[in-house]
Amino acid sequence: MNRIKRALITGSTSGIGLAIAHQLAVSGIDLVLHGLESTTEGDSLAEAFRKQHGVEAIYVQADVSQAENIEKMMSQITEQVGPITILVNNAGIQHTASVDTFPPEKWDKIIAINLSAAFHTSRLTIPAMVEQGWGRIINISSVHGLVGSVNKSAYVAAKHGLVGMTKVTALELAAKGVTANCICPGWTDTPLLVEQFKAYAQQNNTGYEEAKQGLIKAKAPYPDFVSPADIGQLAVFLCSDAAKAITGTSMPIDGGWTAH
Ligand code: NAD
């Protein structure tokens with residue numbers, strides 16, 4: 001059977017999502033790139049992918065904090081290119097504050113973008129995956145889907161929530177050729193961490209680069225950031241036939257952080 005392999009990677013204009021998109025394209029998978037950037041910027045990124053990798057690539061813009069935006073985005077994708085059979089839920093944001101000072105609107109936004117959006121994209125893509133008897137759902141959770149850290153209540157709740165939702169999705173789809181897994185990265189040098197680097201530098205009276213090293217040392221025995229490309233390669237493996245029996249898992253790629 002000729003399988004459709006078309007991936008939607010949410011939040012794929014930067015950081016981990018962009019690296020996953022590159023690795024999937026290298027392995028010949030067609031792409032739907034997504035982000036908050038203007039369609040002019042997104043379209044030129046898609047064109048660069050088409051030229052560099054010879055795959056089909058389009059860009060869709062949507063704020064995934066609202067269910068109705070996701071519904072519109074999924075209809076637009078189906079109309080423009082057809083069904084999604086590889087779904088990478090990657091879009092995410094962070095905010096740090098203690099539980100008692102955490103702004104409720106930030107809590108709602110983190111849960112909406114980091115957790116509920118993955119529910120909405122999943123519910124809207126599963127029927128096409130089941131119909132073709134093959135599909136892959138990869139949820140980008142975090143070490144914070146497995147352990148906690150101070151000042152990250154909403155993020156840790158959302159990422160643990162993704163781990164739980166992934167288990168249920170996997171159980172429901174295991175006999176239908178569709179797998180669902182989480183990838184759980186540790187420190188990865190992306191725009192998401194900039195505010196944390198700045199805060200660490202200020203609190204510890206260090207430079208920006210020293211702050212980066214300080215944060216790594218505080219959590220992980222491996223003395224460097226996780227490479228976004230390595231996360232992309234793990235996603236490629238999860239899309240391969242060799243990974244057909246890997247489902248419901250949460251895979252740390254965290255320099256040993258969660259081995260403590
Ligand atoms: P990033 O800021 O580069 O990527 C986040 C992406 O999400 C961006 O492209 C952004 O535009 C998109 N996004 C944010 N809010 C959105 C919204 N409302 N609607 C649509 N798109 C939105 O940071 P990153 O580190 O590459 O983050 C990607 C994922 O990896 C996130 O889910 C993050 O939680 C997770 N993660 C990151 C790290 C790390 O150390 N950087 C570690 C573990 C997990």
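Each residue of the sequence shown is one higher than the one before, counting from 1 in our numbering. Where is the CB? At the ideal position from N, CA and C, for every residue including glycine.
> DSSP puts Asp-100 in a beta bridge; with which residues?
Replying inline: Here residue 100 is taken as the residue at index 100 of the sequence shown, counted from 1. Asp-100 is not bridged to any residue.
> Given Asn-114, which residues of its chain have a CB within under 6 Å of its CB, disregarding the five upstream and five downstream residues?
Replying inline: By one-based count along the sequence shown, residue 114 stands at place 114. Gly-92, Ala-158.
> Who are the near neighbours of Asp-43 in its chain, counting only those whose CB is closer than 6 Å to its CB and skipping five residues on each side?
Replying inline: Here residue 43 is taken as the residue at index 43 of the sequence shown, counted from 1. Correct list, in chain order: Tyr-59.
> What residue from Ile-20, Glu-195, Ile-140, Ala-259 has the CA that sits closest to Ala-7's CA?
Replying inline: The sequence position of residue 7 within the sequence shown is 7, counting from 1. For Ala-7, the nearest C-alpha among the options comes from Ile-20.
>> With H, G and I counted as helix, E and B as strand and the rest as coil, what does DSSP make of Gly-35?
In response: Numbered from its first residue, the sequence shown carries residue 35 at position 35. Reduced to three states, the DSSP call for Gly-35 is strand.
> Ends of the beta strand (DSSP E) at Thr-249?
Replying inline: Position 249 of the sequence shown, counted from the start, is the residue given in the question as residue 249. From DSSP, Thr-249 is part of no beta strand (DSSP E); its letter is neither H nor E.
> So, is Lys-212 buried or exposed, given that buried needs 16 or more other C-beta atoms within 10 angstroms?
Replying inline: Along the sequence shown, one-based indexing puts residue 212 at 212. Buried, by the Cβ-count rule.
> Is it the case that the CB of Asp-63 approaches a heavy atom of the ligand NAD more closely than 6 Å?
Replying inline: Counted from its first residue, the sequence shown places residue 63 at position 63. The answer is yes for Asp-63.
>> Give me, in chain order, the residues of the same chain whose beta-carbon lies closer than 6 Å to that of Ile-216; leave out the 5 immediate sequence neighbours on both sides.
In response: Locating residue 216 in the sequence shown gives position 216, where the first residue counts as 1. The answer, listed in chain order, is Trp-187.
>> Is it the case that the stretch 30 to 47 contacts the stretch 71 to 91, given that we only count it when at least three CB pairs across the two stretches are under 8 Å?
In response: yes
>> Bridge partners for Ala-62 per DSSP, in chain order?
In response: For this step, residue 62 is matched to residue 62 along the sequence shown. Per DSSP, none; premise fails for Ala-62.
>> Only counting the same chain, and skipping five residues up and downstream in sequence, which positions put a Cβ closer than 6 Å to that of Trp-134?
In response: Residue 134 sits at position 134 when you count from the first residue of the sequence shown. So the list reads Arg-3, Gly-177, once near-sequence residues are dropped.
> Start and end of the beta strand (DSSP E) containing Arg-3?
Replying inline: One-based indexing of the sequence shown puts residue 3 at position 3. Where Arg-3 is concerned, there is no enclosing beta strand (DSSP E), given that its DSSP letter is neither H nor E.
> Can you list, in chain order, the stretches of the beta strand (DSSP E) that have 3 or more residues and sit fully within the stretch 89 to 161?
Replying inline: 135 to 140
> Which same chain residues, not among the five before or five after Leu-192, have their C-beta less than 8 Å away from its C-beta?
Replying inline: Taking the sequence shown and counting its residues from 1, one reaches residue 192 at position 192. Correct list, in chain order: Gly-15, Gly-92, Ile-93, Gln-94.
> Got a sec? Which residues, its chain only, sit under 7 Å from Gly-28 by beta carbon, not counting five neighbours each side?
Replying inline: As a first step, residue 28 is located in the sequence shown; it is residue number 28 there, counting from the start. Correct list, in chain order: Val-55.
> Short check: CB of Val-236 to CB of Gln-23, under 7 Å?
Replying inline: Position 236 of the sequence shown, counted from the first residue, corresponds to residue 236. Position 23 of the sequence shown, counted from the first residue, corresponds to residue 23. Against a cut-off of 7 Å, the Cβ pair of Gln-23 and Val-236 comes out as a contact.
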